[in-house]
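Asker: One structure follows; several queries about it will come next.
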Amino acid sequence: MQLLKTFVTEDWVNHLDEKHLIAVQKTFIPKDFRDKLADMLYRLRKDDLDIYFYILLELQSTVDFSMPIRLLSYLNEIWRMVLENTPDHMVERKNFRLPAIVPMVLYNGERSWTAKRSFKEVQAGYEHFGDYLVNFKYVLFDVHRYDDMELLQCANVVSSVFYMDKKVVLVEVLSRLAILTKNVLSKLKTNELRIFIRWMRHVLIPRLPIIIRENVSSMLHRITPQEVEKVVSNLGIAVEEALRDAEEKGIEKGIEKGIEKGIEKGIEKGIEKGEEKGAERKAKEMAMAALRKGYPVDDVVEITGLSRETVLRLKTEVWGKNAW
Numbered sequence: 000m001q002l003l004k005t006f007v008t009e010d011w012v013n014h015l016d017e018k019h020l021i022a023v024q025k026t027f028i029p030k031d032f033r034d035k036l037a038d039m040l041y042r043l044r045k046d047d048l049d050i051y052f053y054i055l056l057e058l059q060s061t062v063d064f065s066m067p068i069r070l071l072s073y074l075n076e077i078w079r080m081v082l083e084n085t086p087d088h089m090v091e092r093k094n095f096r097l098p099a100i101v102p103m104v105l106y107n108g109e110r111s112w113t114a115k116r117s118f119k120e121v122q123a124g125y126e127h128f129g130d131y132l133v134n135f136k137y138v139l140f141d142v143h144r145y146d147d148m149e150l151l152q153c154a155n156v157v158s159s160v161f162y163m164d165k166k167v168v169l170v171e172v173l174s175r176l177a178i179l180t181k182n183v184l185s186k187l188k189t190n191e192l193r194i195f196i197r198w199m200r201h202v203l204i205p206r207l208p209i210i211i212r213e214n215v216s217s218m219l220h221r222i223t224p225q226e227v228e229k230v231v232s233n234l235g236i237a238v239e240e241a242l243r244d245a246e247e248k249g250i251e252k253g254i255e256k257g258i259e260k261g262i263e264k265g266i267e268k269g270i271e272k273g274e275e276k277g278a279e280r281k282a283k284e285m286a287m288a289a290l291r292k293g294y295p296v297d298d299v300v301e302i303t304g305l306s307r308e309t310v311l312r313l314k315t316e317v318w319g320k321n322a323w
C-alpha cells in the first residue's frame, strides 16, 4: 500500500486503507514462465467494495510488447478464481459485481518502456469502435526512475526489488543487499521474502563465479525472515572466499567484467563478515543525497544504518554553516 501511495498519483490511492488489505497466497503464472515472472495479488475488502491489486514482476530487462495480452489472461484467471468461490445463486443476482482488478507491471530495463499501456491498442482497428471494445490500462513501475531513499522508506517487497535491481555490478548488488537486510528483509512476511528471493536468484546468481552459484542458490532457497541476516552474512563470506580463490588461482575466464574489475581493485573493497566495506561508502552517499533533499537526520540514520554523529557530520558537509 505504501508503494502505491508513494509512486501512484491517482486520486483513488488516497482512499485506500492498508488495514483492509490481504495478501492472496496464489500465483497465476503458468509453470513454464515462472523462471521469468513473479506475481503478487492483494485483496482490499471494505464495506461494499471488493478490489484486487495484481502486481506482475518482470524478471527480464527488455520491453515485452505482448504485456497487455498476457495481463488479460492473468486477470481472467483471477476472476475465474472469484467465480469458482462464489455460489451460483449470488452470481446470478442483479446486484452482483465482479471485483475490480488494478493491474500493475514492474519493469527493470534501462531503455524506455514502449509497449502499449492499454489493452485496446493491441486490437486491430480499435480507433473505430470506441467503448465497444474490451479495455484496461495497467500501472507501470519503472525501476530506474526511483530514488534509493524513497525505495528504502517504502520497506516492502516490491520496493526492495526496485532497490536491488538498479545496479548490475556484483559489488554493488552485495552492498545493496547488506543495506536492505538491515532495514527491510527481516521485516517481510515469509511469502513476501520468497518472492524477493525468487527475484534475487535472477539478479545475483548470474553475476557470481560459476563455482559457487549452486551453493548460493541453495542458501537463498532456505532463507527465512528470522535467519535472513545470518544467511546474507554467510553469503557474503562465500562470495569473498570464491573471489579470493579465483584471484589466487587466476580463474578469470567466464567471470563477468564487473567481477573482474572488483578483483583487480582488490577484495579489500569487497565484503567483511558478510557486509561489504563499500556498503558504508554507499550509505554515506545515500545519506548525503537524502540530506540535500531535506530528509530529517533521524530518518537518514534509520534508513542508512549510519550513526547519528556520522549523519550530523555529513549534514555539515552538505550544508556548511547553514546546516544549523
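Going letter by letter, the sequence shown gives residues 0 to 323 in numbering that gives the first Met the number 0. Quick reminder that beta carbons are idealized off the backbone N, C-alpha and C, glycines included. Keep in mind it's a predicted model, so treat the numbers as computed, not measured.
1) Can you give me the C-alpha to C-alpha distance between residue 24 and residue 301, rounded to a whole angstrom?
2) Please report how far the alpha carbon of residue 161 lies from the alpha carbon of residue 139, in whole angstroms.
3) Tell me which residue opens and which closes the beta strand (DSSP E) that residue 336 is part of.
4) Go through its chain and collect everything with a Cβ distance to residue 287's Cβ below 6 Å, but skip five positions before and after it.
5) Tell me residue 16's beta-bridge partners as DSSP assigns them.
6) Provide the residue span of the beta strand (DSSP E) that contains residue 38, from first to last.
7) Which whole-angstrom value describes the C-beta separation of residue 117 and residue 135, a residue pair presumed to lie in contact below a C-beta threshold of 8 Å?
8) For the alpha helix (DSSP H) containing residue 141, list its first residue and its last residue.
9) Which residue wins for smallest C-alpha separation from residue 304, given the options 227, 279 and 239?
10) Could you say which of 194, 195, 42 and 182 lies nearest to residue 80 if we only look at CA atoms?
11) As a quick exercise: from 102, 239, 226 and 282, pick the residue whose alpha carbon is nearest that of residue 73.
12) Quick check on this structure: which residue in 196, 37 and 289 has the alpha carbon closest to the alpha carbon of residue 57?
13) Relative to the alpha-carbon of residue 141, which residue among 125, 163, 122 and 112 has its alpha-carbon at the smallest distance?
14) On the criterion of 16 or more Cβ atoms from any shown chain inside 10 Å, does residue 174 qualify as buried, or is it exposed?
15) Looking at the secondary structure, which residues open and close the alpha helix (DSSP H) in which residue 104 lies?
16) Please name the residue, chosen from 190, 228, 194 and 240, that lies closest to residue 214 on a Cα-to-Cα basis.
17) Output the distance between the C-alpha atoms of residue 19 and residue 172, rounded to the nearest integer angstrom.
18) Do residue 137 and residue 70 have their beta-carbon atoms positioned less than 8 Å apart in this structure?
19) Give the single residue among 5, 179, 299 and 222 whose Cα lies nearest to the Cα of residue 189.
20) Let me know if residue 147 comes out buried or exposed under the rule of 16 or more other beta-carbons within 10 Å of its beta-carbon.
21) Below 8 Å on the Cβ atoms is my contact criterion, and I expect residue 238 with residue 194 to pass it. Report the Cβ-Cβ distance as a whole number of Å.
22) Using the Cβ count rule (16 or more neighbours within 10 Å means buried), how would you classify residue 17?
23) Within the same chain, show all residues whose beta-carbon is closer than 8 Å to that of residue 218, passing over the 5 residues directly before and after it, in chain order.
24) Would you report the Cα separation of residue 199 and residue 145, rounded to the nearest angstrom?
25) Tell me which same chain residues have a C-beta within less than 6 Å of the C-beta of residue 271, skipping the five on either side of it?
26) How close, in whole Å, do the beta carbons of residue 156 and residue 108 come, if the pair is a contact with beta carbons under 8 Å?
27) For residue 21, which residues does DSSP report across the bridge?
28) Contact check, residue 54 vs residue 15 under 8 Å by CB: the rounded distance?
29) In three-state DSSP terms, what is residue 117?
30) Which of the three DSSP states, helix, strand or coil, is assigned to residue 134?
31) Counting C-beta neighbours from all protein chains within 10 Å, is the total for residue 90 16 or more, i.e. buried, or is it exposed?
32) Looking at residue 131 and residue 98, is the spacing between their C-beta atoms short of 8 Å?
33) Could you give the first and the last residue of the continuous alpha helix (DSSP H) run that contains residue 96?
Answerer: Taking the definition as stated:
1) Separation of residue 24 and residue 301 (C-alpha to C-alpha, rounded to the nearest whole angstrom) is 31 Å.
2) Approximately 13 Å between the Cα atoms of the pair.
3) This structure cannot speak to residue 336, because the chain is shown only from 0 to 323.
4) The answer, listed in chain order, is 313 and 317.
5) In DSSP, residue 16 forms no bridge with anything.
6) Residue range 36-45 is occupied by the beta strand (DSSP E) that includes residue 38.
7) So it is a contact: roughly 7 Å between Cβ atoms.
8) No alpha helix (DSSP H) contains residue 141, which is instead part of the beta strand (DSSP E) from 138-141.
9) Put simply, of 227, 279 and 239 the residue whose alpha carbon is nearest the alpha carbon of residue 304 is 279.
10) From the listed residues 194, 195, 42 and 182, the smallest Cα separation to residue 80 is found for 42.
11) Nearest to residue 73 by C-alpha distance, out of 102, 239, 226 and 282, is 102.
12) Comparing C-alpha distances from residue 57 to each of 196, 37 and 289 shows the shortest one belongs to 37.
13) Among 125, 163, 122 and 112, the Cα nearest to that of residue 141 is on 112.
14) Burial call: buried.
15) DSSP places residue 104 outside any alpha helix (DSSP H); the residue lies instead in the beta strand (DSSP E), whose first and last residues are 99-106.
16) Proximity to residue 214 across 190, 228, 194 and 240 peaks at 240, based on C-alpha coordinates.
17) For residue 19 and residue 172, the distance between alpha carbons rounds to 34 Å.
18) Contact: yes.
19) Selection 5, 179, 299 and 222 evaluated against residue 189 yields 222 as nearest (Cα-Cα).
20) It is buried - the Cβ of residue 147 has at least 16 other Cβ atoms within 10 Å.
21) Actually they do not touch by this definition, with Cβ atoms about 23 Å apart.
22) By the C-beta density criterion, residue 17 is exposed, having fewer than 16 other C-beta atoms within 10 angstroms.
23) By the criterion of a C-beta distance shorter than 8 Å, residue 218 is surrounded in its chain by 230, 233, 234 and 237, once the five residues flanking it on both sides are discounted.
24) Rounded to the nearest angstrom, the gap between the Cα atoms of residue 199 and residue 145 is 19 Å.
25) In this prediction, residue 271 scores a pLDDT of 43, lower than 50, which makes its location untrustworthy; the coordinate-derived value is nonetheless stated afterwards. By the criterion of a C-beta distance shorter than 6 Å, residue 271 is surrounded by no residue of its chain, once the five residues flanking it on both sides are discounted.
26) Contact between residue 156 and residue 108 does not hold, since the beta-carbon distance rounds to 20 Å and is not under 8 Å.
27) Residue 21 is bridged to 42.
28) At roughly 14 Å, the Cβ-Cβ gap does not stay under 8 Å, so residue 54 and residue 15 are not in contact.
29) For residue 117, the secondary structure class from DSSP, reduced to helix, strand or coil, is strand.
30) The answer is coil: DSSP assigns residue 134 none of H, G, I, E or B.
31) By the 10 Å Cβ count, residue 90 comes out exposed.
32) Pairing residue 98 with residue 131 gives a Cβ-Cβ distance that is not under 8 Å.
33) Counting along the chain, residue 96 falls outside any alpha helix (DSSP H), and DSSP gives it neither H nor E.
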